[in-house]
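Asks: In my numbering, the protein residues as written are 121 to 533.
Heads up, the beta-carbon is just placed ideally off N, CA and C, and yes, glycines get one too.
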Amino acid sequence: MRTRSLLFVLVLLVLTGCQTAPRRQAPPELISNAAPDGFPASIRFVTTDLRAFSALAPAFNEGLRKAANGRPIDILALSGGGSGGAFGAGVLVGMSRSQTRPPFELVTGVSAGALLAPFAFLGPEWDGRMQEAFTGKYSARLLDSPSRTLLARLLSPHALPHHNPLFQLVDHFVTPQMIAAVATEATKGRQLVVATTDLDKHETVLWNLSMIAEHGGTAARTLFRDVLIASASVPGVFPPVLIHVRDGNREYEEMHVDGGITTSVFSMPLIAGILPTAMPALHGAHLYVIVNGQLARMVQTTPYRTVDIIASAFAAELTYKTREAIVQDIASAQRLNMQLSLASIPADYPQSNFIDFDQARIRSLFEYASRCSAAGSLWLTPAQSVLRNFSARGINASMSPTCPVPPMATARE
Numbered sequence: 121m122r123t124r125s126l127l128f129v130l131v132l133l134v135l136t137g138c139q140t141a142p143r144r145q146a147p148p149e150l151i152s153n154a155a156p157d158g159f160p161a162s163i164r165f166v167t168t169d170l171r172a173f174s175a176l177a178p179a180f181n182e183g184l185r186k187a188a189n190g191r192p193i194d195i196l197a198l199s200g201g202g203s204g205g206a207f208g209a210g211v212l213v214g215m216s217r218s219q220t221r222p223p224f225e226l227v228t229g230v231s232a233g234a235l236l237a238p239f240a241f242l243g244p245e246w247d248g249r250m251q252e253a254f255t256g257k258y259s260a261r262l263l264d265s266p267s268r269t270l271l272a273r274l275l276s277p278h279a280l281p282h283h284n285p286l287f288q289l290v291d292h293f294v295t296p297q298m299i300a301a302v303a304t305e306a307t308k309g310r311q312l313v314v315a316t317t318d319l320d321k322h323e324t325v326l327w328n329l330s331m332i333a334e335h336g337g338t339a340a341r342t343l344f345r346d347v348l349i350a351s352a353s354v355p356g357v358f359p360p361v362l363i364h365v366r367d368g369n370r371e372y373e374e375m376h377v378d379g380g381i382t383t384s385v386f387s388m389p390l391i392a393g394i395l396p397t398a399m400p401a402l403h404g405a406h407l408y409v410i411v412n413g414q415l416a417r418m419v420q421t422t423p424y425r426t427v428d429i430i431a432s433a434f435a436a437e438l439t440y441k442t443r444e445a446i447v448q449d450i451a452s453a454q455r456l457n458m459q460l461s462l463a464s465i466p467a468d469y470p471q472s473n474f475i476d477f478d479q480a481r482i483r484s485l486f487e488y489a490s491r492c493s494a495a496g497s498l499w500l501t502p503a504q505s506v507l508r509n510f511s512a513r514g515i516n517a518s519m520s521p522t523c524p525v526p527p528m529a530t531a532r533e
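1) Would you list the residues sitting across from THR228 in a DSSP beta bridge?
2) On the three-state DSSP scale, how would you describe PRO466?
3) Any contact between the segment 334-342 and the segment 247-256? By contact I mean 3 or more CB pairs, one from each, below 8 Å.
4) Just the Cα atoms here: how many angstroms apart are PRO213 and GLU371?
5) Helix, strand or coil for ASP428? Go by DSSP, reduced to three states.
6) Any beta-carbon of chain D closer than 8 Å to the one on PRO223?
7) Which class does PHE239 belong to by DSSP, given the choice of helix, strand or coil?
8) Please report the straight-line C-alpha distance between THR383 and ASP367, rounded to a whole angstrom.
9) Secondary structure at ASP318, three-state DSSP: helix, strand or coil?
10) In the structure shown, what three-state DSSP assignment does LEU343 receive?
11) Could you tell me the alpha carbon to alpha carbon distance between GLY201 and THR501, rounded to whole angstroms?
12) Who are VAL325's beta bridge partners in DSSP?
13) Quick one: what does DSSP say ASP291 is sitting in, helix, strand or coil?
14) Could you spell out the range, first to last residue, of the beta strand (DSSP E) harbouring ASP367?
15) On the three-state DSSP scale, how would you describe ILE151?
16) Expressed to the nearest angstrom, what Euclidean distance is found between the alpha-carbon atoms of LEU456 and PHE207?
17) Over the uninterrupted alpha helix (DSSP H) stretch that includes ASP247, give me the two end residues.
18) Using the rule of at least 16 other Cβ atoms within 10 Å of the residue's Cβ for burial, across every protein chain shown, is LEU274 buried or exposed?
19) According to DSSP, is ARG191 helix, strand or coil?
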């Protein structure tokens, strides 16, 4: 069940009798014209909103065509995965080193993937900052004290923003220079889109960060930053983000959390799955999907401790939702004649849980991914990914993992 891991959190909150914090009412309608103060409604939409999708798709498609300039469009989709985001950072740096990294016309991200997305969008010149963000002191602070367990964070979910290490990380790296650079790329038609979960609606919301950046000024940086924080705010681990919106003269607040609650990775809106003709620019595109986690893993004995049980449950949920999303991407790729390439942490890599931000582990994962990516051994076709992840039996995780050798796929590519 998709929401099972969240039930662990909800039960704990009920048992501990946490107090609710005051907030404005949410917009009363599922689909409305409410938008963040000073921004047009077109900067985001609920992924099941047919009317908004139909209105926004033509300009979106035209932008991608303009950016590709006659070439097939390159799309990068970045999944969630917590500390596994160091893997995606390493993959991108490895592609830069081997000069195989396309100038992606469309970059999408969820959760940890959303934090990666602006760096991926801006290209190799931003690799140093990306590496610092995912392997440096700011990522080390995400779970800054070993004595502060996940349960302790559940008991105090209303931390002030400047005391929140996720806020500090994103606020440090989302600079005016980043906003200006994203805005420049947006004028070329390139698109940067990330997902959050609107808890009031129980829906995925897609935010066009390239349009937000084009707005410019302090307001653009603030909203850009807050959306990224929301996309990575795992409920109970980090506070939700309240976004002030306006519908005419009426003011509301929306509560946004981790996009991975409702979608683990995406290359197009959910509604596009049943309206493939609405995305003609994607025909013949090359879709790259980086999974910041494992699609299969070796058996690990889960300690009988609350924090380990919850972390393992979240990880299991993420794994299965990611598999489902990839199956949808495969189906979309077949309909639109797209080439699909997948990169994920191999099953025999000794990965810890997704909230383990131990710096030695994170740096090892980053170096492994960058080394193997530069060697060209991480990208697989869907058929090869099935052979690698679902045919392995009796393999033990190695403490000195070597770069994998892509299997010879006998299934239909």
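Replies: Here's the rundown:
1) Bridge partners of THR228: ALA197, VAL313.
2) Coil, per DSSP.
3) Flag = no, the segment 334-342 and the segment 247-256 do not touch.
4) For the record, residue 213 in the displayed sequence is Val; it is not Pro. Between VAL213 and GLU371, the C-alpha separation is close to 43 Å.
5) Under the three-state reduction of DSSP output, ASP428 falls in the helix class.
6) Annotation note: the requested chain D is absent from the structure, which comprises a single protein chain.
7) In the structure shown, PHE239 sits in a helix (DSSP, three-state: H, G or I).
8) Roughly 27 Å separates the two Cα atoms.
9) In this structure, ASP318 counts as strand in the three-state DSSP scheme.
10) Helix, per DSSP.
11) Taken atom to atom, the span from the alpha-carbon of GLY201 to that of THR501 is near 21 Å.
12) VAL325 pairs with VAL166, THR316.
13) In the structure shown, ASP291 adopts helical secondary structure according to DSSP, grouped into three states.
14) 361-367 is the span of the beta strand (DSSP E), which, as asked, contains ASP367.
15) Here DSSP, grouped into helix, strand and coil, assigns ILE151 to coil.
16) If you draw a straight line from the Cα of LEU456 to the Cα of PHE207, it comes to about 28 Å.
17) Run containing ASP247: 247-255, per the alpha helix (DSSP H) assignment.
18) Interpretation of LEU274 is limited by its pLDDT of 47, a score under 50 that renders its predicted location unreliable; the figure taken from the coordinates is listed afterwards. By the 16-neighbour rule on beta-carbons within 10 angstroms, LEU274 is buried.
19) Here ARG191 sits in coil by DSSP.
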